[in-house]
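Numbering (this note's numbering), first residue to last: 119 to 251. Report on one structure; see the data block that follows.
Written as structure tokens, this is what we have:
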């Protein structure tokens, strides 16, 4: 697999997951929407890692900040804080001791705000990946 195919592998998977997250949002499964939103962000960061590191295998981590750092992705302090917050969505849905509290937190307004930010971040990051045609 060449670098463009490898990047597209991650981006295609992220796009597929984004569609699932949209459906979860529409069905008012806000906690799971944000969990999948984390996956979309993670896969897009992994695509960026492959792009910046000549097709190397991305780190096996779900930590968005670590993926950004491994990719030498310049982030603002606000973007770092945002990724740190989105990291929590990965843990809070997976583990029963966090799930109930997270579910209560995930109102439509809460989820809509973060889901919009996730989509904006993913769009921005994807725009950083360019190949000469």
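Note that beta-carbon positions come from the ideal geometry of N, C-alpha and C, so glycine has one too.
Spatially closest choice to residue i from the options, by CA coordinates
i: residue 168; options: 226, 190, 239; result: 190
i: residue 232; options: 133, 155, 135; result: 155
i: residue 248; options: 143, 161, 166, 153; result: 166
i: residue 243; options: 218, 192, 123; result: 192
i: residue 196; options: 130, 239, 119, 126; result: 239
i: residue 220; options: 123, 132, 151; result: 151
Alpha carbon of residue i to alpha carbon of residue j, nearest angstrom
i: residue 229; j: residue 172; result: 35 Å
i: residue 225; j: residue 148; result: 7 Å
i: residue 203; j: residue 246; result: 22 Å
i: residue 153; j: residue 207; result: 5 Å
Environment of residue i [buried if 16+ CB atoms lie within 10 Å]
i: residue 128; result: buried
i: residue 161; result: buried
i: residue 159; result: buried
i: residue 236; result: buried
i: residue 182; result: buried
i: residue 142; result: buried
query = Just checking, does the segment 119-137 make contact with the segment 212-220 on the three C-beta pairs under 8 Å criterion?
reply = no
request  = Jot down the residue ranges of each uninterrupted alpha helix (DSSP H) in the segment 136-216, minimum 4 residues, whole runs only, in chain order.
outcome  = Look at the segment 136-216 and you find these whole runs of alpha helix (DSSP H), each 4 residues long or longer: 148-170, 182-188, 195-212.
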